[in-house]
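Numbering (our numbering), first residue to last: 194 to 296.
Every residue gets a Cβ at the ideal spot worked out from N, C-alpha and C, and that includes glycine.
On a predicted model such as this, the values are computed, not experimentally measured, just so you know.
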């Protein structure tokens, strides 16, 4: 599953809640968010998308935690029998939501 395939249902979900903007650059920080979602109530969600959880994804979501109302890590759900509990715990303890996308 590619990042685009992982992002597709995430975009659909957030589009139902408001507007979705892909690849948003924040020049003051030199960073680019995969998705920024402005909900109907004006609150902001930032979603970073990867094929699998990793340290880069963890660093990216931490970058946005002080700039958005909610921050999410989206990635392909672990295959049956594989454990993603360690990553899930790391995201949750940092206050980051997790969207595991089924293939």
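Contacting residues, own chain, Cβ-Cβ under 6 Å from residue 295 (five flanking each side not counted): Taken in chain order, the residues that qualify are 270.
query: Looking at residue 200 and residue 227, is the spacing between their C-beta atoms short of 8 Å?
result: yes
field: Complete runs of the beta strand (DSSP E) confined to the stretch 247-271 [at least 3 residues]
entry: 263-269
Expected contact under 8 Å - CB spacing of residue 265 and residue 240 to nearest Å: 4 Å
message: Taking 7 Å as the limit between beta carbons, can you name the residues of its chain near residue 261, skipping five residues before and five after?
response: 237, 238 and 239
message: One question on the structure: do residue 258 and residue 279 come within less than 8 Å of each other, judged by their Cβ atoms?
response: no
- prompt: For residue 281, which of helix, strand or coil comes out of DSSP?
  reply: helix
task: Specify the secondary structure class of residue 289 as computed by DSSP and reduced to three states.
output: Residue state, collapsed to three classes: coil.
query: Between 232, 218 and 197, which lies nearest to residue 253 when the distance is taken from Cα to Cα?
result: For residue 253, the closest C-alpha among the options 232, 218 and 197 is that of 218.
task: Compute the Euclidean distance between the alpha carbons of residue 231 and residue 284, then round it to the nearest angstrom.
output: 22 Å
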